[in-house]
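Engineer:
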Amino acid sequence: MRAIGIILAGGNNHRMKELSQKRAICAMPIAGSYRSIDFTLSNMSNSHIQKVAVFTQYNARSLNEHLNSSKWWDFGRKQGGLFVFTPAVTADNSNWYRGTADAIYQNLHFLKASHEPYVVIASGDGVYKLDFGRVLEYHIQKKADITVVCRDMEPGCNVERFGTIHMNEESRIEEFEEKPLQAKTNTISCGIYVIRRRLLIEMMEKCAEEDRYDFVRDVLIRYKDLKRIYGYKMKEYWRNIASIEDYYSTNMDFLKSDVRDYFFKQYPDIYSKVDDLPPAKYNVGARIQNSLISSGCIVNGVVENSVIFKKSYIGNNCVIKNSIILNDVYIGDNSYIENCIVESRDTIRANSRFVGEDGIRIVLERNERYML
Amino acid sequence: MIKKEMIAMLLAGGQGSRLGVLTAKVAKPAVAFGGKYRIIDFPLSNCINSGVDTVGVLTQYQPLRLNTHIGIGIPWDLDRNIGGVAVLPPYEKSSNSEWYTGTANAIYQNLEYMESYNPEYVLILSGDHIYKMDYEVMLDFHKQNGAEVTIAVMPVPMEEASRFGIMIADENKRITEFEEKPEHPRSNLASMGIYIFNWKTLRSALIAMADQPALDFGKHVIPYCHEKGSPLYAYEFTGYWKDVGTLNSYWEANMELIDIVPEFNLYEEYWKIFTKSEIQPPQYFSADSVIERSIVGEGTNIYGKVYNSVIGCGVTVGKDAVVRDSIIMNETVIGAGCELNKAIVAENVTIGDNVKLGVGEEAENETAPHIYNHGIVTVGEKSVIPGGVTVGRNTVISGITSASDYKDSCLASGKTLIKAGEQQ
Numbered sequence: 001m002r003a004i005g006i007i008l009a010g011g012n013n014h015r016m017k018e019l020s021q022k023r024a025i026c027a028m029p030i031a032g033s034y035r036s037i038d039f040t041l042s043n044m045s046n047s048h049i050q051k052v053a054v055f056t057q058y059n060a061r062s063l064n065e066h067l068n069s070s071k072w073w074d075f076g077r078k079q080g081g082l083f084v085f086t087p088a089v090t091a092d093n094s095n096w097y098r099g100t101a102d103a104i105y106q107n108l109h110f111l112k113a114s115h116e117p118y119v120v121i122a123s124g125d126g127v128y129k130l131d132f133g134r135v136l137e138y139h140i141q142k143k144a145d146i147t148v149v150c151r152d153m154e155p156g157c158n159v160e161r162f163g164t165i166h167m168n169e170e171s172r173i174e175e176f177e178e179k180p181l182q183a184k185t186n187t188i189s190c191g192i193y194v195i196r197r198r199l200l201i202e203m204m205e206k207c208a209e210e211d212r213y214d215f216v217r218d219v220l221i222r223y224k225d226l227k228r229i230y231g232y233k234m235k236e237y238w239r240n241i242a243s244i245e246d247y248y249s250t251n252m253d254f255l256k257s258d259v260r261d262y263f264f265k266q267y268p269d270i271y272s273k274v275d276d277l278p279p280a281k282y283n284v285g286a287r288i289q290n291s292l293i294s295s296g297c298i299v300n301g302v303v304e305n306s307v308i309f310k311k312s313y314i315g316n317n318c319v320i321k322n323s324i325i326l327n328d329v330y331i332g333d334n335s336y337i338e339n340c341i342v343e344s345r346d347t348i349r350a351n352s353r354f355v356g357e358d359g360i361r362i363v364l365e366r367n368e369r370y371m372l
Numbered sequence: 373m374i375k376k377e378m379i380a381m382l383l384a385g386g387q388g389s390r391l392g393v394l395t396a397k398v399a400k401p402a403v404a405f406g407g408k409y410r411i412i413d414f415p416l417s418n419c420i421n422s423g424v425d426t427v428g429v430l431t432q433y434q435p436l437r438l439n440t441h442i443g444i445g446i447p448w449d450l451d452r453n454i455g456g457v458a459v460l461p462p463y464e465k466s467s468n469s470e471w472y473t474g475t476a477n478a479i480y481q482n483l484e485y486m487e488s489y490n491p492e493y494v495l496i497l498s499g500d501h502i503y504k505m506d507y508e509v510m511l512d513f514h515k516q517n518g519a520e521v522t523i524a525v526m527p528v529p530m531e532e533a534s535r536f537g538i539m540i541a542d543e544n545k546r547i548t549e550f551e552e553k554p555e556h557p558r559s560n561l562a563s564m565g566i567y568i569f570n571w572k573t574l575r576s577a578l579i580a581m582a583d584q585p586a587l588d589f590g591k592h593v594i595p596y597c598h599e600k601g602s603p604l605y606a607y608e609f610t611g612y613w614k615d616v617g618t619l620n621s622y623w624e625a626n627m628e629l630i631d632i633v634p635e636f637n638l639y640e641e642y643w644k645i646f647t648k649s650e651i652q653p654p655q656y657f658s659a660d661s662v663i664e665r666s667i668v669g670e671g672t673n674i675y676g677k678v679y680n681s682v683i684g685c686g687v688t689v690g691k692d693a694v695v696r697d698s699i700i701m702n703e704t705v706i707g708a709g710c711e712l713n714k715a716i717v718a719e720n721v722t723i724g725d726n727v728k729l730g731v732g733e734e735a736e737n738e739t740a741p742h743i744y745n746h747g748i749v750t751v752g753e754k755s756v757i758p759g760g761v762t763v764g765r766n767t768v769i770s771g772i773t774s775a776s777d778y779k780d781s782c783l784a785s786g787k788t789l790i791k792a793g794e795q796q
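Going line by line, the protein sequences match chains A and B.
Using my numbering, the first residue of the first sequence is number 1, and each one after it goes up by one.
Using my numbering, the first residue of the second sequence is number 373, and each one after it goes up by one.
(1) Might you give, ordered along the chain, the residues of its own chain that have their beta carbon closer than 7 Å to the beta carbon of alanine 384 of chain B, omitting 5 neighbours on each side?
(2) Looking only at its own chain, which residues have a Cβ that is under 8 Å from the Cβ of glutamate 178 of chain A, when we skip the five neighbours before and after it?
(3) Go ahead and label lysine 754 of chain B buried or exposed: buried means 16 or more other beta carbons lie within 10 angstroms of its beta carbon, across all protein chains shown.
(4) Report buried or exposed for histidine 66 of chain A, applying the criterion of at least 16 other Cβ atoms within 10 angstroms of its Cβ.
(5) Examine the Cβ distances between the segment 46 to 60 of chain A and the segment 103 to 111 of chain A and report whether three or more of them are shorter than 8 Å.
(6) With DSSP as the reference, label lysine 591 of chain B as helix, strand or coil.
(7) What are the start and end residues of the beta strand (DSSP E) that includes arginine 196 of chain A?
(8) What in chain A is Cβ-close to arginine 665 of chain B, meaning under 8 Å?
(9) Give the residues of chain B in contact with lysine 129 of chain A, contact being defined as C-beta atoms less than 7 Å apart.
(10) Report the residue from A:Glu368, A:Ile188, A:Glu343 whose alpha carbon sits nearest the alpha carbon of isoleucine 30 of chain A.
(11) If we count the other Cβ atoms within 10 Å of its Cβ and call it buried at 16 or more, is proline 435 of chain B buried or exposed?
(12) Quick check on DSSP: helix, strand or coil for cysteine 710 of chain B?
(13) How big is the Cα-Cα spacing for valine 148 of chain A and lysine 235 of chain A?
(14) For the structure I just gave you, are there three or more beta carbon pairs, one from the segment 270 to 279 of chain A and one from the segment 63 to 79 of chain A, closer than 8 Å?
(15) In chain A, which residues lie with their C-beta within 9 Å of the C-beta of glutamate 392 of chain B?
(16) For serine 33 of chain A, count the other beta carbons within 10 Å of its own beta carbon; 16 or more makes it buried, fewer makes it exposed. Which is it?
(17) Spell out the partners DSSP gives cysteine 782 of chain B in its beta bridges.
(18) Taking C-beta pairs closer than 8 Å, name the residues in chain B that lysine 71 of chain A reaches, listed in chain order.
(19) What does a CB cutoff of less than 6 Å around arginine 353 of chain A pick up in its chain, not counting 5 residues either side in sequence?
(20) Taking the Cβ atom as the reference point for each residue, do phenylalanine 609 of chain B and methionine 526 of chain B lie within a distance shorter than 9 Å?
(21) Could you tell me whether the segment 281 to 297 of chain A touches the segment 661 to 671 of chain B, using the rule of 3 or more Cβ pairs below 8 Å?
(22) How far does the alpha helix (DSSP H) with glycine 133 of chain A in it reach, from first residue to last?
(23) Per the contact definition of three or more C-beta pairs closer than 8 Å, is the segment 606 to 620 of chain B in contact with the segment 745 to 754 of chain B?
(24) Could you have a look at serine 45 of chain A and say whether DSSP puts it in helix, strand or coil?
(25) If we count the other Cβ atoms within 10 Å of its Cβ and call it buried at 16 or more, is glycine 601 of chain B buried or exposed?
(26) Could you tell me whether the Cβ atoms of phenylalanine 83 of chain A and glutamine 50 of chain A are closer together than 9 Å?
(27) Using the C-alpha atoms, what's the distance from valine 219 of chain A back to isoleucine 379 of chain A?
(28) Round the Cβ separation of threonine 187 of chain A and aspartate 152 of chain A to the nearest angstrom and send it over; I've been treating them as touching at under 8 Å.
(29) Is threonine 767 of chain B helix, strand or coil when you go by DSSP?
(30) In whole angstroms, give me the CA-to-CA distance for serine 312 of chain A and threonine 347 of chain A.
(31) Per DSSP, which one or two residues make a beta bridge with isoleucine 7 of chain A?
(32) If the criterion is Cβ atoms closer than 9 Å, does the pair tyrosine 656 of chain B and leucine 292 of chain A meet it?
(33) How many angstroms separate the CA atom of tyrosine 493 of chain B from the CA atom of isoleucine 479 of chain B?
(34) Closer than 8 Å, Cβ to Cβ, to anything on chain B: give me those residues from the segment 26 to 48 of chain A, in chain order.
(35) Just the C-alpha distance for asparagine 775 of chain B and glutamate 734 of chain B, rounded to the nearest angstrom, thanks.
(36) I'd like to know whether the C-beta of asparagine 673 of chain B is nearer than 9 Å to at least one C-beta of chain A.
Here it is in structure tokens:
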């Protein structure tokens, strides 16, 4: 592969409410056994990108823990590898990453020290499969300066929270609006870009000179008439995790057999950190309906239309409906949980009741857990 | 100079013929166990959890699956700069090349491997038992007693003692005598096939006994050390230890995992069993599925009903299928409307719709009643069973079978159906 990868994983989002207190969005658990960054990391690995940098900033503990070894995504290589860059105080800089472009600028040495001609930049919060090799081919064929991966969203989708794109018939981008008040198209940017490495270095240096820090506003929008910026349309499944509602519905999508089939059965695979958990165990009284259960769980109660992440314990006579239970949650006997997202490592006392009345309720229960 | 206090040698070359078609194409240590594991995961995990980071795995019979499973030892953290796991097959020498003719002969042929780590002690293990054991505690016992050989033993019921190699020890646990499968046992301490040798003792014994045909630890090396007056000690182990050498004991050991609080607990945080995980997605249960008293591996899809069973990774159980008291290994597909009773179905098997396994009266197996018994239906890996057939108890099926192999769509109890071919 003639490209290196950059994953922008520093962001936080207040629309994730309490769930983002604990971790960066890119470390959000997805589909029972994964974290959102696994999708982009696996796509890069499967596209034979060998050298990947992850830029983190906001609450990176959980993400760093997840990335503590690069072998799960096959990046443990002599040529290339996985690099995690957090902001650092240096002789001539003492700033945090002030924006996506600033994050790249502060790590320009990574780009300068590479020899691959292209760079794939992707955000770490997307749930999708994409062969970046095909995007790069398209980029070269169009003689583009920058290629933006975009997607037509379904009618009725609230596209105002994305960057919207208008392209001419040759797929050259003519309009790019970031979070428009009223969107004129339903084509949105997926936050995945291909650009020549030298051009990126040049543009980042220029941005820094002018005190500009944002890749979308200060590069894509500012240069859209001067540079040849093209859109590559992907048609397959793509979601990003930007709000509680997105997070909930993306997880629930995995209850659909076509979505599971696309991600889990069709080559190439999505990889994640291996946890060495035992098989899930179902005792007398367990009843599981239309749900996903992950390894290490012990289930004694009823689970309906829910996604249960790894290593959870569900007590006797419990009922879990339309909910997401994150990793390592203990739910005491006779509890009732409906329309909730239960934060990881929660301990829910016996006989508890949590119901999301209008919308999804986030359950944070920090009780003492008495281990057997 | 490299120095390892204790290295382990893991005997994984045996066929395990009493597991029938399960070991037709794989060595017994590579047979799946407990949903997502293989038998060899238990001694390998014990090694790393005990701080033994240098393990030689001796392979001979059908090693392909074992080799791919072990690789460079990443799942067990046995990928090391110095030491780690090494797969040791028999090899050609300038003269006297031979296969591994016995347990001790296999170790003898790898003296050089052991020598290169300059160990004080060598731990000999076999790759066909299910247990969790801290070998470091056993080593402490070995050192405390000033032993040259320590044999791990397990108290067994007196009436079963005549099936084992029995150690007779004094009050200090020093072994005074031993008997191989005695008719009238004088002790109930059965050898578990786990030994710690002082390297020097092992080395000189193996060299002295090198010409003995089919050199075996229990039959030759231990008696030799005893005669020479080396202090032999019995280390008593009282935890869970299960030999899974027969289909019935293999089935029972799997079934013990589904008890509410199993005697052998896989859910303990601090003695994890590691394995190579190729399949990671969660498991899915459809709206009309039923699951009770079972354990299920990653990526499995259950649309039917599962009771008292151990289900591997990536398995599909079709709509309205009923699986009872069965072991289903990785990537097997069970069609809609099937009924399985006490079946052991190996990896990558395809069972068509509306197949019934394990129904009707029991009858003794026609070809190998000592292997296929206790009413178990055994299906070998990569087999195909066509839709709509009924199969009795104590039966065995292997290879690609078609409707014409089943007279009146039926395979009576006690029949053996072994065909050529395997599905890709």
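Where is the CB? At the ideal position from N, CA and C, for every residue including glycine.
Structural biologist: The structure says:
(1) Counted from its first residue, the second sequence places residue 384 of chain B at position 12. Cβ neighbours of alanine 384 of chain B beyond the five flanking positions: Ala399, Pro401, Ile412, Val429, Leu430, Thr431, Leu438, Gly499.
(2) In the first sequence, the residue the question calls residue 178 of chain A occupies position 178. So the qualifying residues of the chain are Gly163, Val216, Arg217, Ile221.
(3) Here residue 754 of chain B corresponds to residue number 382 of the second sequence, with the count starting at 1. Looking at its Cβ environment, which holds 16 or more other Cβ atoms inside 10 Å, lysine 754 of chain B is buried.
(4) One-based indexing of the first sequence puts residue 66 of chain A at position 66. With 16 or more Cβ atoms within 10 Å of its Cβ, histidine 66 of chain A is classed as buried.
(5) yes
(6) On the second sequence, position 219 is the one that residue 591 of chain B refers to. Lysine 591 of chain B falls in the helix class under three-state DSSP.
(7) Sequence index remark: in the first sequence, residue 196 of chain A carries index 196 (1-based). Taken as a continuous stretch (DSSP letters only), the beta strand (DSSP E) holding arginine 196 of chain A covers 187 to 196.
(8) For the purposes of this step, residue 665 of chain B is taken as the residue at position 293 of the second sequence. Going along chain A in sequence order, the residues near arginine 665 of chain B (Cβ under 8 Å) are Tyr282, Asn283, Val284.
(9) What you label residue 129 of chain A is simply residue 129 of the first sequence in a count that begins at 1. Ordered by position in chain B, no residue passes the 7 Å Cβ test against lysine 129 of chain A, which lies about 13 Å from the chain.
(10) In the first sequence, the residue the question calls residue 30 of chain A occupies position 30. For the residues A:Glu368, A:Ile188, A:Glu343, the minimum Cα distance to isoleucine 30 of chain A belongs to A:Glu343.
(11) To locate residue 435 of chain B, count along the second sequence from 1; it is residue 63. Burial call: buried.
(12) On the second sequence, residue 710 of chain B is found 338 positions in, with the first residue counted as 1. Three-state DSSP puts cysteine 710 of chain B in coil, outside helix and strand.
(13) Within the first sequence, the letter at position 148 stands for residue 148 of chain A. Within the first sequence, the letter at position 235 stands for residue 235 of chain A. For valine 148 of chain A and lysine 235 of chain A, the distance between alpha carbons rounds to 14 Å.
(14) yes
(15) Residue numbering aside, residue 392 of chain B sits at position 20 when the second sequence is read from its first letter. Contrary to the premise, residue 392 of chain B reads as glycine rather than glutamate in this sequence. Simply none; closest approach about 24 Å.
(16) Position 33 of the first sequence, counted from the start, is the residue given in the question as residue 33 of chain A. Burial call: buried.
(17) Numbered from its first residue, the second sequence carries residue 782 of chain B at position 410. B:Thr762, B:Lys779.
(18) Walking along the first sequence from the start, residue 71 of chain A turns up at place 71. Under the 8 Å cutoff, chain B gives Ile446.
(19) What you label residue 353 of chain A is simply residue 353 of the first sequence in a count that begins at 1. Within the same chain, arginine 353 of chain A has close Cβ partners Tyr336.
(20) Reading the second sequence from its first residue, position 237 is the one you call residue 609 of chain B. Reading the second sequence from its first residue, position 154 is the one you call residue 526 of chain B. The answer is yes: Cβ separation under 9 Å.
(21) yes
(22) Stepping through the first sequence from its first residue, residue 133 of chain A is reached at position 133. First-last of the alpha helix (DSSP H) with glycine 133 of chain A: 132 to 141.
(23) yes
(24) As a working note, residue 45 of chain A is residue 45 in the first sequence. In this structure, serine 45 of chain A counts as helix in the three-state DSSP scheme.
(25) In the second sequence, the residue the question calls residue 601 of chain B occupies position 229. Flag for glycine 601 of chain B reads exposed.
(26) Counted from its first residue, the first sequence places residue 83 of chain A at position 83. Counted from its first residue, the first sequence places residue 50 of chain A at position 50. For phenylalanine 83 of chain A and glutamine 50 of chain A, no; Cβs fall outside 9 Å.
(27) Residue 379 of chain A lies beyond the stretch modelled for chain A, which goes from 1 to 372, so this question has no answer here.
(28) Here residue 187 of chain A is taken as the residue at index 187 of the first sequence, counted from 1. Here residue 152 of chain A is taken as the residue at index 152 of the first sequence, counted from 1. Confirmed, about 5 Å.
(29) Looking up residue 767 of chain B in the second sequence gives position 395. If DSSP states are grouped into helix, strand and coil, threonine 767 of chain B belongs with coil.
(30) As a first step, residue 312 of chain A is located in the first sequence; it is residue number 312 there, counting from the start. As a first step, residue 347 of chain A is located in the first sequence; it is residue number 347 there, counting from the start. The alpha-carbon atoms of serine 312 of chain A and threonine 347 of chain A are separated by roughly 10 Å.
(31) Here the question's residue 7 of chain A lines up with position 7 in the first sequence. Answer is A:Val54, A:Ala122.
(32) Here residue 656 of chain B is taken as the residue at index 284 of the second sequence, counted from 1. Here residue 292 of chain A is taken as the residue at index 292 of the first sequence, counted from 1. Yes, the pair counts as a contact, with Cβ atoms nearer than the cut-off.
(33) Within the second sequence, residue 493 of chain B is the residue found at index 121, counting from 1. Within the second sequence, residue 479 of chain B is the residue found at index 107, counting from 1. Approximately 14 Å between the Cα atoms of the pair.
(34) Ala31, Gly32, Ser33, Tyr34
(35) What you label residue 775 of chain B is simply residue 403 of the second sequence in a count that begins at 1. What you label residue 734 of chain B is simply residue 362 of the second sequence in a count that begins at 1. Looking at the sequence shown, residue 775 of chain B is not asparagine but alanine. If you take the alpha carbons of alanine 775 of chain B and glutamate 734 of chain B, they lie about 23 Å apart.
(36) Taking the second sequence and counting its residues from 1, one reaches residue 673 of chain B at position 301. Yes, asparagine 673 of chain B counts as interfacial toward chain A.
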